[in-house]
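A.B. asks:
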Amino acid sequence: MPLKIIQFRGGTSAEHTSFTGHDREVTVDTTEKRVRVHDGSTAGGHRIAKESEIPTATNQLTNDVYRSSSNLTKLSQLTADVAYWKKSELVNVSQLTNDKKYIAGHCSHCTYCAYCTHCS
1 MPLKIIQFRG GTSAEHTSFT GHDREVTVDT TEKRVRVHDG STAGGHRIAK
51 ESEIPTATNQ LTNDVYRSSS NLTKLSQLTA DVAYWKKSEL VNVSQLTNDK
101 KYIAGHCSHC TYCAYCTHCS
């Protein structure tokens, strides 16, 4: 199989600040060692997060404009998620699971829960 190489346009962070790429153009920031995606109008494009910058557990998440960890105290504050649980189906905190199968504890009474493998 012949070797094929794809090379993206690149430049330093300083060069990116004054560069406005075409819509959907991808460039490489050689100073920050990251990819930037352009929309045709934003100088510098949009910096794409590195894998090391993405939270992998719930305790790494920071507060945002909608909720902070200190003001989430009960299930009724959660909104329904289209693909997962509806708020009306959540009756025990033990029904919630943590990222990457980290288990903070489990109940021993919710035998109806098909999602929890730790219930008896």
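In UniProt numbering, the protein residues as written are 1 to 120.
For glycine and all other residues, C-beta sits at the position ideal for the given N, C-alpha and C.
Rounding to the nearest angstrom, what Cα-Cα distance links proline 10 and valine 35 in this structure?
C.D. replies: One detail in the question is off: residue 10 reads as glycine in this sequence, not proline. Taking the straight line joining both Cα atoms gives about 9 Å.
A.B. asks: So threonine 30 and threonine 42 are supposed to be a Cβ contact under 8 Å. How far apart are they, rounded?
C.D. replies: At roughly 19 Å, the Cβ-Cβ gap does not stay under 8 Å, so threonine 30 and threonine 42 are not in contact.
A.B. asks: Going by DSSP, what residue range makes up the beta strand (DSSP E) through threonine 27?
C.D. replies: It spans 26–29 - the beta strand (DSSP E) in which threonine 27 sits, taken as one unbroken run.
A.B. asks: Can you give the Cα-Cα distance for lysine 4 and histidine 46, rounded to whole angstroms?
C.D. replies: If I take the Cα positions, the gap works out to 27 Å.
A.B. asks: Who are proline 44's beta bridge partners in DSSP?
C.D. replies: The residue you asked about is not proline; residue 44 is glycine in the sequence shown. Bridge partners of glycine 44: none, in fact.
A.B. asks: Taking just the CA atoms, how far does valine 28 sit from isoleucine 6?
C.D. replies: Cα to Cα, isoleucine 6 sits roughly 12 Å from valine 28.
A.B. asks: Excluding five sequence neighbours on each side, which residues of the same chain lie with their C-beta closer than 6 Å to the C-beta of alanine 14?
C.D. replies: Within the same chain, alanine 14 has no close Cβ partners at all.
A.B. asks: Within the same chain, show all residues whose beta-carbon is closer than 6 Å to that of glycine 44, passing over the 5 residues directly before and after it, in chain order.
C.D. replies: These residues qualify, in order along the chain: His16 and Thr17.
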